[in-house]
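Numbering (UniProt numbering), first residue to last: 1 to 679.
Below, the structure is given as structure tokens:
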């Protein structure tokens, strides 16, 4: 343990595994989607048809007893007709990554993509029903539904969290809300709608301020009494060497880091926290136990949706390979995509159309183009409609993870690191009847190394349905396709994207949306940008709420500084441990009044000290000489835990920093566009 190193401590803050050639070759990486230059995070482009097929499956797996009804042919026939009735225009507008169709882009002769007829047809819906039968068999064995699965995937379950655990978590929320009493911790800028019960932005790791122990020695039971106030301030990380590839240095924070708690796998098959959860008092052991059980339930969903990727270290060197469960590649993969290939248009190729317009006569190569030829080509481009590529033959997918790959097996010796958030969204008729939609984002900053999320929606009351939207990055050039100069319009229509230089769509792939209903456990890799929809009160005369827990998995291949290294920073916890709840631990005149006053100046133990002063437990006896008092004031420096006032200032600064990062990340997602002009 003495030789431990972490990013930001004895290791470059901006360490990423893909720059470690030996480890990269051995393990691959868990990709993250914060920036285009993070390794392996780009999805293969998906056809609009495939995204529509995924959304049909996502909707049907929300139906009661879907896993039984999918084997009833009469119900399957009904669902098939319902899917075929989904309007083509609505499918295109939902899933295509381009504006409403128009013949020409302004000031150009380049055609924009247009929706193919029959985005969903009978063969594609029959394919969906067969795949759902395979997923139903898997669900019956595991309780897990792989969904929105193509190059990446998501996992959901409405059955794996047992009722007793749900009740225990509800009780935990009640307890934590009661602890806050009449002073709820409203998340900044949430208009008093989001109550933070456990949030990693409070008392984070603060470089240059937080007390740090190099060895992972801080536990749970001893965290406050033994370790609070111990350690040395962790220094600011030194500047990093310039990276040849990768995100800008600003995507790592050299000021703040969310603190995970460490977990071990037990011999009995469960998990156990070995260090405290940041902002959850160690005395709340029943809440720790409930969260441990939730992590245990979430692990199979992470096993289902997480991938490690290996291959060329940089995306321009070729495709990578994926290690994961279930579907790892799109269902529909087009190889011949050039406009001039046969079978792409209802009017045939340009040569076919020209021959037909000339009464079947084939033009000779020597013939010069005339004005009517250009008009004829424009007519062909204006009136042609793209033909869908043929579906592959249905082939069952093995959804089971490889026995050697589950997190429990692969990281048995090292355990995991988890960041925990518990929050309640509170709506009230008087001032907050509607919760606004969120922004597109990927979780965390680069130095937090978050590779997956699990969300459990434990309690919803008097609110409308809500959902999460998902999308991923793609690459801008798609060099594995052979496309001639300006011959990508069929491909643009099939994939629902503008591919031409100067007017290319953003390199973003829509995957779909998942309803976030009560009782649902949802897991997904951190390659997805996601966005929560808005919701409102159903009955505007009554309050409503939505309570959820977020579990963020830190990259198991990159251990970071955790609560095992940073003793609890909450001054209130330290003061209560040192002085007792009402100052009972103060030993009268043995603590000079001036020293007690120094603590009060820093808002540390103020309540306990005020009580002690009022009850005469602190006297003026044993006064410190002025020079000694100043020495104590100087030596205390930053070596005491944080007051809540200080922690709230850090929270605001951390949020400002993250908002800037997320805005920049969103801009980079939107600004990188397809450019097929030079193919």
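Idealized CB from N, CA, C, for every residue including glycine. All figures in this text were calculated on a predicted structure; none of them were measured in a lab.
- Taking the C-beta atoms as reference points, residue 554 is found no nearer than 8 Å to residue 443.
- By the Cβ criterion, the segment 385 to 403 is in contact with the segment 320 to 328, since at least three pairs of Cβ atoms, one from each stretch, lie closer than 8 Å.
- Excluding sequence positions up to five before and after residue 492, its CB lies within less than 7 Å of the CB of 113, 498, 499, all in the same chain and listed in chain order.
- In this structure, the alpha-carbon of residue 456 lies about 50 Å from that of residue 340.
- The three-state reading of DSSP puts residue 10 in strand, counting E and B together.
- Under the three-state reduction of DSSP, residue 233 is assigned to strand.
- If you look at residue 650, you'll find it in the alpha helix (DSSP H) that goes 644 to 671.
- In terms of CA proximity to residue 454, 303 leads the group 134, 303, 59.
- Within its own chain, the residues whose Cβ lies closer than 8 Å to the Cβ of residue 129, once the five positions on either side in sequence are excluded, are 70, 76, 79, 80, listed in chain order.
- Per DSSP, residue 48 lies in no beta strand (DSSP E) segment; the continuous alpha helix (DSSP H) that holds it begins and ends at 48 to 60.
- In the same chain as residue 396, and ignoring 5 residues on each side of it, the C-beta atoms closer than 6 Å to its own belong to 134, in chain order.
- Ranked by Cα distance from residue 281, the first of 663, 654, 671, 563 is 563.
- One Cα belongs to residue 180, the other to residue 223, and the distance between them is close to 22 Å.
- In this structure, DSSP gives residue 262 an extended state, which the three-state scheme calls strand.
- In the DSSP assignment, the residues bridged to residue 386 are 345.
- Looking at the DSSP output, residue 453 sits in a beta bridge with 524, 552.
- Where residue 273 is concerned, the enclosing beta strand (DSSP E) starts and stops at 271 to 273.
- For residue 186, the three-state secondary structure derived from DSSP is strand.
- Ranked by Cα distance from residue 246, the options 422, 19, 574 are led by 19.
- By a beta-carbon distance limit of 8 Å, residue 57 does not contact residue 511. Their separation comes to about 12 Å.
- The Cβ atoms of residue 556 and residue 414 lie closer than 8 Å to each other.
- For residue 26, the closest of 436, 309, 542 by C-alpha to C-alpha distance is 309.
- Buried is the label assigned to residue 195, since at least 16 other Cβ atoms lie within 10 Å of its Cβ.
- Annotation: the continuous alpha helix (DSSP H) that includes residue 297 extends over 285 to 305.
- Positions of the alpha helix (DSSP H) runs, each at least 4 residues long and wholly inside the segment 84 to 170, are given as 88 to 95, 122 to 142 in order along the chain.
- Between the alpha carbons of residue 227 and residue 209 lies a gap of roughly 16 Å.
- Contact annotation, residue 560 with residue 417: C-beta distance approximately 7 Å; criterion of less than 8 Å satisfied.
- Beyond the five residues adjoining it in sequence on each side, residue 424 comes within less than 6 Å, by CB distance, of 195, 545, 547 in the same chain, given in chain order.
- Apart from the 5 residues on each side of it in sequence, residue 249 sits with its Cβ closer than 7 Å to the Cβ of 14, 240 in its chain, given in chain order.
- For residue 530, the closest C-alpha among the options 283, 467, 656 is that of 467.
- The beta carbons of residue 306 and residue 452 sit closer together than 8 Å.
- In the same chain as residue 386, and ignoring 5 residues on each side of it, the C-beta atoms closer than 7 Å to its own belong to 116, 344, 345, 490, 493, 494, in chain order.
- Under a 10 Å Cβ-count criterion, residue 68 is classified as exposed, with fewer than 16 other Cβ atoms of the shown protein chains found around its own Cβ.
- Sequence-distant Cβ neighbours of residue 230 in its own chain, meaning closer than 6 Å and more than five residues away, are 567.
- Here DSSP, grouped into helix, strand and coil, assigns residue 69 to helix.
- Here the alpha carbons of residue 41 and residue 342 stand approximately 33 Å from one another.
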